[in-house]
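Visitor:
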Amino acid sequence: MTRKPAIDTTKGSRVEMTEKFHRNEEQNKPDRPELPGSSATGFISPPYLSRNASVRRVMVQVLAALLPGIVVYAALIGPAIVLQLSIASVTALLAEAAMLKLRGRALFPFLTDGSALVTAWLIALTFPPIAPWWLTVIGVLMAIVITKHLYGGLGQNPFNPAMAGFAACLVSFPALMSQWPSVTAPAHFIDQAAAIFGGARSLDALTSATPLDALKTALRLAGPGATVSAALADTNIYGYVAGRAWEWVAAAYLLGGLWLAGRKIIRWHAPAGFLSGLALISAACWLSDPERFASPLFHVFSGGALLGAFFIVTDPVSGCISGKGKFIFGFSAGILAYIIRVFGGYPDGVAFAVLILNLCAPLIDALTRPPIFGMKKK
Amino acid sequence: MIFRAKIREIFSNGLWKQNSSLVQTLGLCPLLAVTTNIVNGAMLSLATILVAGLASFSVSGLRRLIPREIRIPIFIMIAATLVTLIDQCMASFFSGIHNVLGIFIPLIITNCIVLARIEAFAAKNGPLLSFLDGVSTGAGMLWTLVLLGGMRELLGNGTLFSGIESVLPAFSEFRILPESWPGFLLFTLPPGAFILLAFMIAGKNWLAARHAGQAPSQNSANC
Chain Y
1 MTRKPAIDTT KGSRVEMTEK FHRNEEQNKP DRPELPGSSA TGFISPPYLS
51 RNASVRRVMV QVLAALLPGI VVYAALIGPA IVLQLSIASV TALLAEAAML
101 KLRGRALFPF LTDGSALVTA WLIALTFPPI APWWLTVIGV LMAIVITKHL
151 YGGLGQNPFN PAMAGFAACL VSFPALMSQW PSVTAPAHFI DQAAAIFGGA
201 RSLDALTSAT PLDALKTALR LAGPGATVSA ALADTNIYGY VAGRAWEWVA
251 AAYLLGGLWL AGRKIIRWHA PAGFLSGLAL ISAACWLSDP ERFASPLFHV
301 FSGGALLGAF FIVTDPVSGC ISGKGKFIFG FSAGILAYII RVFGGYPDGV
351 AFAVLILNLC APLIDALTRP PIFGMKKK
Chain G
379 MIFRAKIREI FSNGLWKQNS SLVQTLGLCP LLAVTTNIVN GAMLSLATIL
429 VAGLASFSVS GLRRLIPREI RIPIFIMIAA TLVTLIDQCM ASFFSGIHNV
479 LGIFIPLIIT NCIVLARIEA FAAKNGPLLS FLDGVSTGAG MLWTLVLLGG
529 MRELLGNGTL FSGIESVLPA FSEFRILPES WPGFLLFTLP PGAFILLAFM
579 IAGKNWLAAR HAGQAPSQNS ANC
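One line per chain: the protein sequences are Y and G, in this order.
Going left to right, the first sequence walks through residues 1 to 378 as this note's numbering numbers them.
Going left to right, the second sequence walks through residues 379 to 601 as this note's numbering numbers them.
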């Protein structure tokens, strides 16, 4: 507020009333500094039964739940992910601080609430680990500055910041976003670090396609005779159920996600909806023609499906509020992710599916509003 | 003296206070489509300057003869004649840029900027002032589209003035960012134009608010 309206009681005009109203609204914004221990009701959907559900506690547990996935990732894909996580975290905190300063908000409560770190970690985990450092920085800036703060900060953003940052970079830099490290001969940490910080990007020896991409290319290139079973026989790329090494990372995300659900940090509806939607449509296609479509198990353990199901679709800000709404949100995202992944031009569809469903969330919320306690459903 | 003050007001409105892109947000469709570089944006704006200036001039001269009840079809016919004329001229003199701009030159007629200036100004004022009003509105569009096109071209392609050789054969594009710049494709696509336009509107409101020392006023979007 730059202007302070003169209080004139004789002319209690409408303009003044609206201005007062707006000032109050300003103060009631959910990202106002919360008192220690108070529940952030603008951020966490009902039922508000558990105590101490502050943003910080939630975010710290989400970060902890990502740790098993990160450890497996670093062990099997390459330790460069740790570098990416640090780049993303530092950028996110700096961007968050700069935007809070510009918006005239208190720095300390927001910088330490961990929400920027969750966004940063999700971006680092969805980007290729050998992406150049500036790509990660651009992704984080798109997420924190444009998707989060320009829409009003924590609790106000209509889109999932991490997914918007990912989509912006995937659309803008498709070549760099599809250079993934090879899993058969994981490059040395020094080589991966050089790919991140060095200028030279002649990485053909270092890179390979993701399992999803490889399957799609194999089916398209080999023409009408191509079968899924023949493509999946390539043990350089595929493991037991999905991508070699990647399936274990996905399993670790599943573990962390189940822990979160067990602690009631996230509710089960959105992940269950997402995974059942994805499994249902992939099973339908698989049963109709198992040689053209991969199995549901392959799809659930491939790409960003499990990370998305437990850490992205469950975003309390850009998702739905009621349990039914969350389930519908997740279910539709799962179906859409499969359609984009299998029939679309991009290797994975989770990010775009989530962004499209973010747009639908207000409508789903309006249609699934639960009846007032004690009232009958009409 | 009064005449001079009026001219100054016309230009300050067209270029800044009532800027067609930043304040009235008119003509967003060509703005999103052609500002992928400076040259396209500038050439479309120059065509709009000519159409808006000449159409306002003609309508203003004929304003006492035009029946009020059917004025809009007559305005559109006058403006459409001028648009066709300029479209044909560009096709013969700048065929390269004419091919790039394509449908957006004939579409100047459906652009609300031209009709809005005729209806709001030319139908009530003399020919000279109306001409200047049309030109100043187009000039406001010119600097906005050049700035927006420049930012999009720089981020998306790393160059400035690409395609200038089809207008001024003696010149060629400037490469600002190194050849290895992969190109921030988002800014070449329409969403990038929306994002940058929003930043320009925010910047304009901020400057206006700082100048007036009060809260920025609300814009209404249409077209």
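Just so you know, even glycine gets a beta-carbon here, dropped at the ideal spot from N, CA and C.
None of the values given here were measured: they were computed from a predicted structure.
(1) Please state whether the Cβ-Cβ distance between ALA333/Y and PRO158/Y is less than 9 Å.
(2) May I have the straight-line CA-CA distance separating ARG449/G from GLY304/Y, to the nearest angstrom?
(3) Name the residue from VAL137/Y, PRO161/Y, PRO132/Y, GLY155/Y whose alpha carbon lies nearest to the alpha carbon of ILE146/Y.
(4) Is the stretch 513-525 of chain G in contact with the stretch 423-438 of chain G, if contact means three or more CB pairs nearer than 8 Å?
(5) For a test of the three-state rule: what should DSSP assign to ARG244/Y, helix, strand or coil?
(6) Around the Cβ of THR426/G, are there at least 16 other Cβ atoms within 10 angstroms (buried) or fewer (exposed)?
(7) Given this structure, state the Cα-to-Cα distance separating ASP113/Y from ALA420/G, to the nearest angstrom.
(8) If you follow the alpha helix (DSSP H) that GLU557/G is in, where does it begin and where does it stop?
(9) Taking Cβ-Cβ distances shorter than 9 Å, what residues in chain G pair up with SER115/Y?
(10) Just list the alpha helix (DSSP H) runs in the stretch 283-331 of chain Y, keeping only unbroken ones of 4 residues or longer that don't cross its boundaries, in chain order.
(11) Quickly, what does DSSP pair LEU538/G with across the bridge? List them, please.
(12) Helix, strand or coil: which one does DSSP assign to SER544/G?
(13) Decide yes or no for the touch test of the stretch 300-319 of chain Y against the stretch 95-113 of chain Y: beta carbon pairs closer than 8 Å, at least 3 of them.
(14) Please give me, in chain order, every unbroken run of the beta strand (DSSP E) with length at least 3 that falls completely inside the stretch 121-203 of chain Y.
(15) Please identify, using Cβ separations under 9 Å, the residues of the stretch 545-571 of chain G that lie next to chain Y, in order along the chain.
(16) With a cut-off of 8 Å on the beta carbons, I'd call MET519/G and SER423/G a contact; round off their distance for me.
(17) Per DSSP, TYR238/Y forms a beta bridge with which residues?
(18) Count Cβ pairs between the stretch 170-182 of chain Y and the stretch 118-134 of chain Y that sit closer than 8 Å; are there 3 or more?
(19) CB-CB under 6 Å to ASN489/G, same chain, minus the five flanking residues each way: which ones, in chain order?
(20) Between PRO174/Y and chain G, is any beta-carbon pair separated by less than 9 Å?
(21) Let me make sure I understand the geometry here. Which of LEU278/Y, LYS216/Y, PHE310/Y has the alpha-carbon closest to that of VAL62/Y?
(22) Measure from the C-beta of VAL171/Y to each C-beta in chain G and report whether the shortest distance is under 9 Å.
(23) So which residues on chain G does ILE146/Y lean against when the C-beta distance must stay under 8 Å?
(24) Could you tell me the distance, in whole angstroms, from the CA atom of VAL313/Y to the CA atom of LEU367/Y?
(25) Pull up the distance between the alpha-carbon of ALA411/G and that of PRO568/G, whole angstroms please.
(26) Which whole-angstrom value describes the C-beta separation of TYR338/Y and HIS299/Y, a residue pair presumed to lie in contact below a C-beta threshold of 8 Å?
(27) At the level of alpha carbons, what is the spacing between ILE444/G and VAL461/G?
(28) Which residues does DSSP pair with SER208/Y in a beta bridge?
(29) Scan the stretch 210-221 of chain Y for residues whose Cβ lies nearer than 7 Å to a Cβ of chain G and list them as they occur along the chain.
(30) So, is THR414/G buried or exposed, given that buried needs 16 or more other C-beta atoms within 10 angstroms?
(31) Tell me whether TYR346/Y sits in a helix, a strand or coil according to DSSP, three-state version.
(32) Could you say which of ALA590/G, ALA494/G, ILE464/G, ALA498/G lies nearest to PHE661/G if we only look at CA atoms?
(33) Which of the three DSSP states is assigned to ASP113/Y in this structure?
(34) Could you tell me how far apart the beta carbons of LEU150/Y and THR91/Y are, in whole angstroms, since I believe they sit closer than 8 Å?
(35) Using the Cβ count rule (16 or more neighbours within 10 Å means buried), how would you classify ARG341/Y?
(36) Ends of the alpha helix (DSSP H) at SER399/G?
Guide: Considering the structure as presented:
(1) no
(2) 60 Å
(3) PRO161/Y
(4) yes
(5) coil
(6) buried
(7) 47 Å
(8) Where GLU557/G is concerned, there is no enclosing alpha helix (DSSP H), given that its DSSP letter is neither H nor E.
(9) The contacting residues do not exist; SER115/Y stays about 23 Å from chain G at best.
(10) 296-300
(11) PHE552/G
(12) helix
(13) no
(14) none
(15) SER558, PRO560, GLY561, PHE562, LEU563, LEU564, PHE565, THR566, LEU567, PRO569, GLY570
(16) 5 Å
(17) GLY243/Y
(18) yes
(19) GLY405
(20) yes
(21) PHE310/Y
(22) yes
(23) ILE573
(24) 19 Å
(25) 7 Å
(26) 6 Å
(27) 20 Å
(28) TRP180/Y
(29) none
(30) buried
(31) coil
(32) Residue numbering for chain G in the displayed model covers 379 to 601; residue 661/G lies beyond these limits and cannot be assessed.
(33) coil
(34) Not quite, the Cβ-Cβ distance comes to about 17 Å (not below 8 Å), so this is no contact.
(35) buried
(36) Note, SER399/G: premise wrong, no alpha helix (DSSP H); not H, not E.
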